[in-house]
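Take a look at the structure below.
Protein chains: 2
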Amino acid sequence: MAVNSPIPVAADLKPVAGIELGHAEAGVRKANRKDLLVMKLAPTATVAGVFTTNRFCAAPVQVSKAHLEAAEISGEPIRALVINTGNANAGTGEAGLAAANATCEALANLLGCHAAQILPFSTGVILEQLPVDRVTAGLPQALRNLNEDNWFNAAEAIMTTDTQPKAASRSLTIEGRSVNMSGISKGAGMIKPNMATMLGFLAIDAKVSQSALEQMVKQAADRSFNCITIDGDTSTNDSFMLIATGAGELEVTSVESPEYAALAAAVTEFSQQLAQMIIRDGEGATKFITVTVEEGKDVAECRKIAYSIAHSPLVKTAFFASDPNLGRILCAIGYAGIDDLDVSTLDLYLDDVLVAKSGGRNPEYQEADGQRVMKQSEITVRVKLARGTADATIWTCDLSHDYVSINADYRS
Amino acid sequence: MAVNSPIPVAADLKPVAGIELGHAEAGVRKANRKDLLVMKLAPTATVAGVFTTNRFCAAPVQVSKAHLEAAEISGEPIRALVINTGNANAGTGEAGLAAANATCEALANLLGCHAAQILPFSTGVILEQLPVDRVTAGLPQALRNLNEDNWFNAAEAIMTTDTQPKAASRSLTIEGRSVNMSGISKGAGMIKPNMATMLGFLAIDAKVSQSALEQMVKQAADRSFNCITIDGDTSTNDSFMLIATGAGELEVTSVESPEYAALAAAVTEFSQQLAQMIIRDGEGATKFITVTVEEGKDVAECRKIAYSIAHSPLVKTAFFASDPNLGRILCAIGYAGIDDLDVSTLDLYLDDVLVAKSGGRNPEYQEADGQRVMKQSEITVRVKLARGTADATIWTCDLSHDYVSINADYRS
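For the protein sequence lines, the chains are Y and R, in the order given.
Quick note: the first sequence, position 310, residue 310 per this note's numbering, numbers continuous.
Converting from the second sequence to this note's numbering requires adding 1000 to each position, the first position being numbered 1.
See the structure below:
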């Protein structure tokens, strides 16, 4: 059960004009589960994305990046995205690239476009060849299901060890014109995105120029999917895609326009919601932790310290146990690798409780106060460095027995 | 039960002339357990050490570093080390420094020397003030116990969550002169030393000049305690001390001498044994894993990749489960942060089994072969980068349910 994150209600998920979703049970790894998704786009759509920085980036990531570049040169728009679970098609060498390309070709034939107009995505086990025949055999079923009102099934179709689907919709008005957005994400483990999360797809019905969309997706990712971590493992398949179908009222032609600023802010906030859903449903998560580092010299050092806290197995197990063993947080700050950090000016808060003051235990601090906060399901750790004006926030979860169980048993 | 690491037999631990050890039950945190150790040194002894790089380094670490520097200037030798468990005296500010100094003064009064000739060490809970009165009240008991033949009790007296004492002895002959060495270490959690482990003490009866000893301890630490990791948490209290009592036959006056080379090699190998004992008894450890990265451009990138593998919770849980989910290792290599890493030339071995070849799954690789190795209690992961001649080795353990249990319950 995800932390304070109810399962989305299908009726709350709204269509975004210009995008249809179709799912299938292709049996990629297991029978009788939704494991294939096609997202078909209107020809007016623009697409931009950010991808994993893992050097072992998966074959579909390599192909998607190449197809996005090709689309920009040829002017032939991306017409569909195809996502399979059950197999990541990573660490699969030339055969893996051939499998990702074959998937694109099969879908292009069915849709009547070129293979380069398809973006493929995979998630699941690494180092095993993709059973591409099962994927292509499932495509007709997915196309028969194509429907604008199919976001809930789409969210289910991209789940792996997620305990629940992750999806949301929003409508807003910008400069008098309505904008509708829906998005889905998946996560659960191997989550410390460095460019984007495992998989996130966000569609808006505005018409957005390619260059503006590219800036918007980076801006949103840097403040959402790139601020979460479950276990520090940056996946081989992380991808976050922003789709602007162009079928709605709003048009954004330049990053200097007021429409851009308003839409980018809304997309960023919506992306944070989708990203936080991943943490709330992190493998074995029982708590949602916000780590904020303030008054640093620059954002980089604030992030370094925040990640050091968020990745410490000792800090994470203390959260799981609701044990205010808060010296572990100071320890993680100390080894974050900031060589000139003067800890004698540093304050540490747990929600509103001042735990450490000027680098040492706050004389007023009472264990009962720390205990009270540690028992909550949502906790904010706040570090004040007193050496600058920069800050950063990272969202994470605790480390529980279930994380070990889930990952010890993942393939069985 | 530690992995392939039997409990040392007291009779196998040999005295090192020039060092006496005395323990006490001081009740620092809990009653009726050995939690205080005094190591009294002959006036001929030289002492050198390496300490944690954690910016929140503990009060006793700060005092020990200052006393080592003072001894070098004054020429007054270090006469004793005093170690307490149950409280790390870290994150304790000015009061913590005063407590560490008070411990030194109390012991100096009892031994008839200056406080600056005492080195204090603490291990245990962070962010709580050291009950210094209990420590000083326990000193007379420890001094009554002083004995050259007390290494087993000494090893027990520095344990925290360790499941068994860690100690060993060796005798060898260098240039026709006998050398005797005994050492103890402790670890268990918060272990990713960056200069040294939680606590390690190694005594030899050779006479070694201060400058040669300082080089020797760095050389040994870099190839032993600085090559182990349990959970990536670099403690606030890590200290590794090398003591040369000067009471034996061998004398080392310069780092250029053949005696230095032979003794440094023996000390390094012995340090590796003590360091590996910590991993074999890592919190919840069921497997001992050696990660070797070869053919790198430099040692730094080899270590970076080795640590990335050794710290990945997904890799560690796969080892725990004996599950050859080896794509997780490729994933960890990929996100190690080597920007120009070309994975297409990379090979991955699990013991003798070639799992990945030229960056993809080895076509000859059979799951059964990976399964066979994963079931072993000792496993070597070998990565060949094919881009240089450097290599590095890191020792680590798996991540089990017991790690979570131990650290969720540590203070209770």
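Glycine included, C-beta positions come from ideal geometry on N, C-alpha and C.
Residue closest to residue i, alpha-carbon to alpha-carbon, out of the options
| i | options | result |
| --- | --- | --- |
| M1159/R | R1144/R, G1282/R, G1093/R | G1282/R |
| T1268/R | A1247/R, T1229/R, R1223/R, E1294/R | R1223/R |
| Q1272/R | A1167/R, A1206/R, L1143/R, T1123/R | A1167/R |
| Q1371/R | E1256/R, L1326/R, A1115/R | L1326/R |
| A1368/R | L1139/R, E1378/R, K1357/R, V1353/R | V1353/R |
| V255/Y | I83/Y, G284/Y, Q210/Y, T286/Y | Q210/Y |
| E1415/R | V1047/R, Q1215/R, N1054/R, T1389/R | No answer is possible for residue 1415/R: the residues shown for chain R start at 1001 and end at 1412. |
| T290/Y | K40/Y, I228/Y, F240/Y, A58/Y | I228/Y |
| Y238/Y | A10/Y, T136/Y, F121/Y | Just to set this straight, residue 238/Y is Asp in the shown sequence, not Tyr. When only C-alpha atoms are compared, the closest one is F121/Y. |
| D402/Y | V293/Y, Q276/Y, G91/Y, T163/Y | T163/Y |
| V28/Y | H114/Y, R134/Y, G359/Y | R134/Y |
| D1012/R | I1333/R, N1147/R, F1152/R, E1249/R | F1152/R |
| F51/Y | F225/Y, T173/Y, A356/Y, H23/Y | F225/Y |
| M1374/R | Y1335/R, S1322/R, L1199/R, E1301/R | S1322/R |
| L314/Y | C397/Y, L213/Y, S64/Y | C397/Y |
| R79/Y | G359/Y, I243/Y, I338/Y | I243/Y |
| K14/Y | I394/Y, R387/Y, E128/Y, M181/Y | M181/Y |
| V61/Y | I73/Y, L41/Y, A71/Y, I83/Y | I83/Y |
| R361/Y | A1261/R, G1091/R, A1026/R, I1309/R | G1091/R |
| L1199/R | F1320/R, I1184/R, V1355/R, T1053/R | I1184/R |
| V383/Y | A100/Y, D149/Y, E294/Y, A98/Y | E294/Y |
| L341/Y | Y365/Y, C302/Y, D351/Y, F320/Y | C302/Y |
| G1417/R | K1316/R, S1308/R, A1318/R, F1320/R | The structure shown does not extend to residue 1417/R, since chain R is modelled only from 1001 through 1412, so no value can be given for it. |
| S1169/R | D1149/R, R1177/R, T1161/R, A1157/R | D1149/R |
| G49/Y | N32/Y, L81/Y, V252/Y, L21/Y | L81/Y |
| G1112/R | F1056/R, E1251/R, K1040/R | K1040/R |
| I379/Y | S405/Y, D351/Y, R387/Y, I394/Y | D351/Y |
| V1355/R | S1377/R, T1123/R, Q1376/R, R1328/R | R1328/R |
For residue i: DSSP bridge partner residues
| i | result |
| --- | --- |
| K1034/R | Partner(s): none; K1034/R has no beta bridge. |
| E1294/R | K1384/R |
| C1397/R | F1288/R |
| G1075/R | G1075/R pairs with nothing; no bridge assigned. |
| L202/Y | G183/Y, L242/Y |
| V1125/R | N1087/R |
| A390/Y | G296/Y |
| Y1349/R | L1354/R, R1382/R |
| R416/Y | For chain Y, the structure presents residues 1 to 412; residue 416/Y sits outside this window and is missing. |
| R170/Y | M181/Y |
| L1021/R | M1039/R, N1147/R |
Under the three-state DSSP convention, the category residue i falls into
| i | result |
| --- | --- |
| P1120/R | strand |
| S1412/R | Reliability of the predicted coordinates at S1412/R is poor, the pLDDT of 44 falling under 50, and the value obtained from them is presented with this limitation in mind. The answer is coil: DSSP assigns S1412/R none of H, G, I, E or B. |
| N1145/R | coil |
| V208/Y | strand |
| E1175/R | coil |
| F225/Y | helix |
| R29/Y | coil |
| K1040/R | strand |
| L1081/R | strand |
| N194/Y | Confidence at N194/Y is low in this model, with a pLDDT of 46, below 50, so the placement of that residue should be treated as unreliable; the coordinate-derived value is given next. Coil. |
| V1003/R | coil |
| S254/Y | coil |
| F1051/R | strand |
| T946/R | Absent from the structure is residue 946/R, since the part of chain R shown begins at 1001 and ends at 1412. |
Distance between beta carbons of residue j and residue i, contact taken as under 8 Å
| i | j | result |
| --- | --- | --- |
| I126/Y | T236/Y | 6 Å |
| Q117/Y | E76/Y | 6 Å |
| V38/Y | L107/Y | 7 Å |
| V1003/R | A1285/R | 6 Å |
| G296/Y | A17/Y | That belief does not hold up - the Cβ atoms of G296/Y and A17/Y are roughly 43 Å apart, past 8 Å. |
| D339/Y | A157/Y | About 47 Å; that fails the 8 Å criterion. |
Return the residues of the segment 393 to 409 of chain Y that lie within a Cβ-Cβ distance of less than 8 Å from chain R, sorted by chain order. Within the segment 393 to 409 of chain Y, the qualifying residues are L399, S400, H401, Y403, V404, S405, N407, A408, D409.
Note down, in chain order, all residues in the segment 1354 to 1366 of chain R with a beta-carbon under 8 Å from any beta-carbon belonging to chain Y. For the segment 1354 to 1366 of chain R, residues whose beta-carbon sits nearer than 8 Å to a beta-carbon of chain Y comprise V1355, A1356, S1358, G1359, G1360, R1361.
In chain order, what residues of the segment 1305 to 1335 of chain R put their CB closer than 8 Å to some CB of chain Y? Listed by position, the residues of the segment 1305 to 1335 of chain R near chain Y (Cβ gap below 8 Å) are H1311, S1312, P1313, L1314, T1317, A1318, F1320, A1321, D1323, N1325, L1326, G1327, R1328, L1330, C1331, A1332, I1333, G1334, Y1335.
In chain order, what residues of the segment 1049 to 1078 of chain R put their CB closer than 9 Å to some CB of chain Y? For the segment 1049 to 1078 of chain R, which is checked against every Cβ of chain Y, the residues closer than 9 Å are T1052, T1053, N1054, R1055, F1056, C1057.
Note down, in chain order, all residues in the segment 340 to 351 of chain Y with a beta-carbon under 7 Å from any beta-carbon belonging to chain R. Residues passing the 7 Å Cβ filter: L341, V343.
Cβ-based contacts, 8 Å cut-off: residues of the segment 1084 to 1104 of chain R near chain Y: Considering only beta carbons, the part of the segment 1084 to 1104 of chain R lying closer than 8 Å to chain Y consists of A1088, A1090, G1091, T1092, G1093, E1094, A1095, G1096, in chain order.
Taking a cut of 8 Å between CB atoms, which residues from the segment 1102 to 1128 of chain R lie near chain Y? Residues V1125, I1126, L1127, E1128.
Beta carbons nearer than 7 Å to chain Y: which residues of the segment 1007 to 1021 of chain R have them? So the list is empty, because no residue satisfies the distance condition.
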